[in-house]
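These protein sequence lines map, in sequence, to chains A and B. Start counting the first sequence at 1; every next residue gets the next number (our numbering). Start counting the second sequence at 1; every next residue gets the next number (our numbering). Quick reminder that beta carbons are idealized off the backbone N, C-alpha and C, glycines included. All values reported here derive from a predicted model rather than from experimental measurement. Structure first, commentary second.
There are 2 protein chains.
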Amino acid sequence: MLPDFHKFKLEKLTDEHIKSLEESAKRARIAALTMVSAAKSGHPGGAFGAMEMFLTVYGAADLTPENCSGVKRDYVVVSHGHTSAGVYAALSEWGFFDREEAMAHFRQCGSVFQGHVEREVPGIDWGTGNLGQGLSAGVGFALAQKAVGHKGRVFVLMGDGGQTKGQIAEARRMAVKENLTGLTALVDFNGIQLSGRRDDIMPCNIKALWEADGWEAVEVNGGSFAELYDALKNAGNNGKPTVLLCKTVMGKDGLIMENTPEYHGKPVNPEDYAKIVEHLGGNPDTLTKALERRKNPPSFKGREINYPSAPNIDTGKPFDYAGKMDNRGAFGKALADVGKLNYKKDGKTPILVFDCDLAPSVMTGAFRNECPEYYIQSGIQEHSVATASGAASIAGVVSLWAEFGVFGIDEVYNQQRLNDINRAANKTVLTHVGLDVGEDGKTHQCIDYVGLMRNMFDWKLVVPVDPNQTDRVTRWLLKTPGNICLAVGRSKIDGMKYYSGDYKFEYGKADRLRTGKDGSIFALGYTAQIALKAAEILESEHNINISVYGVSCPLQPDMEALREAAKSGPVVTVEDHNANTGMGAIMFLEAVREGIEIKKAKTLGVTHYGMSGNSDAVRDEMGLSPAKIADSFMKVRG
Amino acid sequence: MLPDFHKFKLEKLTDEHIKSLEESAKRARIAALTMVSAAKSGHPGGAFGAMEMFLTVYGAADLTPENCSGVKRDYVVVSHGHTSAGVYAALSEWGFFDREEAMAHFRQCGSVFQGHVEREVPGIDWGTGNLGQGLSAGVGFALAQKAVGHKGRVFVLMGDGGQTKGQIAEARRMAVKENLTGLTALVDFNGIQLSGRRDDIMPCNIKALWEADGWEAVEVNGGSFAELYDALKNAGNNGKPTVLLCKTVMGKDGLIMENTPEYHGKPVNPEDYAKIVEHLGGNPDTLTKALERRKNPPSFKGREINYPSAPNIDTGKPFDYAGKMDNRGAFGKALADVGKLNYKKDGKTPILVFDCDLAPSVMTGAFRNECPEYYIQSGIQEHSVATASGAASIAGVVSLWAEFGVFGIDEVYNQQRLNDINRAANKTVLTHVGLDVGEDGKTHQCIDYVGLMRNMFDWKLVVPVDPNQTDRVTRWLLKTPGNICLAVGRSKIDGMKYYSGDYKFEYGKADRLRTGKDGSIFALGYTAQIALKAAEILESEHNINISVYGVSCPLQPDMEALREAAKSGPVVTVEDHNANTGMGAIMFLEAVREGIEIKKAKTLGVTHYGMSGNSDAVRDEMGLSPAKIADSFMKVRG
């Protein structure tokens, strides 16, 4: 029977507690070894080395099988997700699931006990395995706790090899600036990584770096329950986030595995398995039994990790714009309006807004003024913010990050991919997308966001046609579950009657803004306004009358609209996005899949890196001015 | 007349030199201000603040209009590329191009003087603007200098706001580990960033961090030519890479601009323009003249920055594999073979290989043993390595980085995008792509590399069908200019006769591995071997005879093959890649564009995040086993 020290309710661990924990560690090491041997793959060395850390953290945290899917509790992030066998073993000791099931089905197709920890397993708060992201996730959880007014703790366990990842330094600074004293990091300091000794691979003065970034760094014997418990209990008491540098031995208590880089990532042979299990007081038959059970499909299905439910916020009344207005400005005004309506109102879900030194450009300044405590200025640290914002979004708040396109998706694609895998509810607002970035030039032209988002399975993406639609989409996405991206350009454009008044945004619907009989243009976002001008040229100069569809949801093409359009003549797509990977590419692929025949098709878009100049000139050079679009239509028509 | 102190040939700058440089700084500030005012956009504050730094570095470096497109010289990287107006002004002072031309055509569509510095401008060694990448580029240049045996210097100028980017810390550690004492960083320490004061946005103990990573940090008055020159001359003398923390005043000598965050990124009004120009001893008519000239198209076209020419290496004789072999293993053997053939041979281009703690998995160990001095172990620091490897590739060496798929492209997509924009010749070898990653699970399944690469304009991508083709492609890519990615899975597969012996790889050609009359399967890389098994099932069970094409170049579909295949019946594509963004998506889009009618089409591939298990099981769950592929074909056939 394990001692109950959840929420640090014990002053100290007694000798008796420790004895019981040491027995638990033996069982857990046998379980971890059995998992890896049953799967014939995995990472036993790290699992053995950090077992005391896993057991102490999961024992002390306010995190139980009962409360682990709720919000007001402690969070634990295992950043070095490849130690999964050790994590599952420790969680099973603390009653999160049946140990036998984990031993039998580790790394088996169809089992939740994946090679790297995933949220489907109760007790796992963030799916990792791509190193460097865990501390940022911890920052996100801690910020959410603060916003919902819960004085919880957040623990982040990390390897020492991955300490070189730059994202960790960004997360450290966020933690200090936001004064997250409840956040405690634990570095599993075994000196060994995949291909050898840490000091040979890449020297890194870990302690000095944590201290330079403002953390309290405490050295701890990572193999001692007593030391770990005391250090964890006291962490943060001096008013700083604390890192425990836990001296561990890779493969500890694993005989041949001890201190051997070889067993970072491979199983021991059967003879060594038996020796190690006996050394730990267990029965080598454990593996035989696990393998027997492995022949059946897994019975434990894990938990549902669907998106958090819709937040409780009031989204207010939409604003209408008749004249010129930039979409980013309309977003900023709607955000501030919704922010103000809900700010610190009883029972309302907090709305956190992250900024990376771009408030004047991404228009989050008004929100900052209305909701100062919910505005998180995070500096130029996009990798960390992408993850922190994602993690916060599943911990009781609405979480939104506004950023230039190239920094909010190109720079952090893998972080947003992990947000997708973790089924977070991150709201990412990309401004300055497409060629509409002013004179900043090709490095700043985000002409690939549709293509990037299309690679993931659950993100929604909205590219509004005008400021009125932008306003409505902003209010909608704040209230809607799941990861959602809003992408807008920089220029002032017309507020359109179509999207004003009672217009209701419907995800996936293309809007027919003009009706004609001689073919169609489907245009993405604000380029629909350019396409309308092209249509006027076609009518006045060629007496050709076309339909123009405004497309705001390129990832979910409106096939009914396309089917209809295909009957009337050529279909031309227009977007200031890479023509190979954007809306047009998606629509025409779906047409092939659904057997819709389009006799004359053309994808207009970005076909090379753009120039630096005013947006009209840059678009014209790319063939995307009204006149050139009209010309292209005529050529396709033949 | 500016003093000649290139290559630090002067012991000290005399008062007379300094006077002449101060006059130069005034002219350059007027030029920078005029650029921003003529373009009505840009970043005057940083340009003014760092002018002495720009002038001193470009004056002292062994970098001239004559040698700037060669290799054996000094390199200068401006990481905060938004200070472009200041950089162009300083370069024009040193004779790289005509100042009037830069003033007239800054940020104008069609001009090389883009908003962020680009390599088309002589003197610019790396196109930047996405913060955090410059120091890594400097590391790459310095590594290349070392490999070609040139004792040059590399200077990297950076802003202080961007010091928070994690990639910088990674680059610092690479520089120290590789002992790059000729690398000198200069931080433009003005305390102001886009949205306010640095200490308010994100506190960061810059000096302590550089020192913790092992650099010598020297504080310098960034407004003093004498101090800058001395510090630059002495940097590195104590055996460490050195950073100069240059105290500057944003907007220095710009009256209203001085110390004002507002002018980080916007022009002054016309009255202030006149006042500032007069204050600097110039004539406010300068702007009028620039605007007059701006009405004409730019006359200066910049320089060609096409890929470096083919390296001088011997690629040896291909190996043949008849039995089971993993593609990653075949890559590793070919790489080591070519490495050994050329290692330190007279006149041969050095081949640098970068590793991020994965040699045993990505199979670069044999190369390391053969060519120890050309193997760069860089630790778990992928962002920095992606850029360093890219920069090295345009500085006189062949540069190759082998990495797991998710870390070599998903994690560093924006770095690889900048390699594309910079027209580098980075060879990136992605192992463990697709579902073929062993039991690591969804976070490690790189099922989006084709889609990611498709977003860029110049990368080539090869996904070999078998170990024999892998061998030949490895030899080919080492010798071929441009950014090229080789993507391989983890499992052992068959060496095929088709690709052995005299087979010659041809980029863009699909290989018909089996010929039938009842339809076709196009399959990406090793999945062609699975498709062949599906074809056998179709023949034996349904008496249906199909063609199977092995596709290794998904970015350049073989339209002739597709046209031919479309005539014979259904076309099914197979890949263990996201079916929405991979080979099939590309082929069918091109079919629509070229008007090829495909009556029955199906894209088989990855449709949700994969399981963790052995590759056969994971593929089967995804519908990609031979039997399920055959089933799908039958369904499409109807």
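With 9 Å as the C-beta to C-beta threshold (strictly closer), list the residues of the segment 357-385 of chain B near chain C in chain order. Here chain C cannot be found, since the structure's protein chains are A and B.
Strand pairing of Glu-219/A, partner residues [DSSP]: The partner list for Glu-219/A (beta bridge, DSSP) reads Leu-245/A.
As a quick exercise: from Glu-216/A, Glu-118/A, Trp-94/A, Tyr-229/A, pick the residue whose alpha carbon is nearest that of Asn-237/A. Glu-216/A
Give the DSSP-derived three-state secondary structure of Phe-225/B in the structure shown. In the structure shown, Phe-225/B falls within a helical segment according to DSSP collapsed to helix, strand and coil.
Return no unless some Cβ of chain A is closer than 8 Å to the Cβ of Leu-300/B. The amino acid at residue 300/B is misidentified as Leu; the sequence shows Phe. By this cut-off, Phe-300/B is not an interface position.
Would the beta-carbon of Lys-533/B fall within 8 Å of that of Pro-626/B? yes
Under 9 Å Cβ-Cβ, which residues of chain B neighbour Arg-107/A? Gly-438, Glu-439, Asp-440, Gly-441, Ser-612, Gly-613, Asn-614
3-residue-minimum beta strand (DSSP E) runs that sit fully inside the segment 551-596 of chain B, ordered along the chain: 571-578
Taking just the CA atoms, how far does Ile-586/A sit from Tyr-507/A? Looking at the two C-alpha atoms, the distance is approximately 16 Å.
I'd like the ranges of any beta strand (DSSP E) spanning at least 3 consecutive residues and lying wholly in the segment 453-482 of chain B. 460-462
Under 7 Å Cβ-Cβ, which residues of chain A neighbour Phe-588/B? Result: Leu-589, Val-592.
Can you say whether Glu-227/B is buried or exposed, counting buried as having 16 or more other CB atoms within 10 angstroms of its CB? buried
Reference Ala-402/B; option with closest CA among Leu-255/B, Ile-394/B, Ile-421/B, Glu-382/B: Glu-382/B
Less than 8 Å between the CB atoms is what I'm expecting for Val-606/A and Ala-630/A, so what's the real figure, rounded? Contact flag wrong, Cβ pair sits at about 19 Å.
Where Arg-637/A sits in the DSSP three-state scheme: Helix, per DSSP.
Could you check whether the Cβ of Phe-522/B sits closer than 8 Å to any Cβ belonging to chain A? no
Pick helix, strand or coil for Asp-285/B, following the three-state DSSP scheme. helix
Using DSSP with H/G/I as helix, E/B as strand and the rest coil, what is Gln-163/A? Helix, per DSSP.
Looking only at C-alpha atoms, which of Val-473/A, Asn-468/A, Gly-516/A sits nearest to Lys-497/A? Asn-468/A
From which residue to which residue does the alpha helix (DSSP H) around Leu-2/B run? Taken as a continuous stretch (DSSP letters only), Leu-2/B belongs to no alpha helix (DSSP H), as it is neither H nor E.
To the nearest angstrom, report how far apart Asn-130/A and Gly-115/A are at their CA atoms. 12 Å
What whole-angstrom Cβ distance do Val-592/A and Ala-601/B have, given they're in contact under 8 Å? 5 Å
Going by beta-carbon coordinates alone, are Phe-331/A and Leu-486/A separated by less than 8 Å? yes
Counting C-beta neighbours from all protein chains within 10 Å, is the total for Thr-603/A 16 or more, i.e. buried, or is it exposed? buried
Would you say Phe-97/A touches the ligand SAM, meaning its beta carbon is less than 7 Å from a heavy atom? As for the ligand SAM, it is missing from this structure, which has no ligand bound.
Where does Met-622/A sit, in a helix, a strand or coil, going by DSSP? In the structure shown, Met-622/A sits in coil (DSSP, three-state: anything other than H, G, I, E or B).
Closest residue to Ser-500/A among Tyr-321/A, Ala-561/A, Asp-576/A, Asp-518/A (Cα-Cα distance): Tyr-321/A
In the DSSP assignment, find the unbroken alpha helix (DSSP H) run with Phe-522/B in it and report its ends. Unbroken run through Phe-522/B is the beta strand (DSSP E), 520-524; no alpha helix (DSSP H).
Quick check: what's the CA-CA separation for Thr-184/B versus Leu-194/B? 25 Å
When Ile-544/B, Ala-617/B, Arg-490/B are compared against Arg-514/B, the one with the closest alpha-carbon: Ile-544/B
Quick check on DSSP: helix, strand or coil for Met-363/A? coil
Below 7 Å CB to CB, which residues in the same chain sit around Gln-167/A once its five sequence neighbours on both sides are set aside? Same-chain partners within the cutoff: Gly-132, Gln-133, Ser-136, His-383, Ser-384.
Do Thr-248/B and Asp-188/B have their CB atoms nearer than 8 Å? Going by beta carbons, Thr-248/B and Asp-188/B fall inside the 8 Å limit.
Quick check on the burial criterion: 16 or more other C-beta atoms within 10 angstroms. Buried or exposed for Lys-301/A? exposed
Hey, Met-213/A and Val-176/A: beta-carbon distance below 8 Å or not? In the sequence under discussion, the amino acid at residue 213/A is Asp, which differs from the Met named in the question. Contact flag set, yes.
Along the chain, where does the beta strand (DSSP E) that runs through Asp-494/B open and close? 492-494
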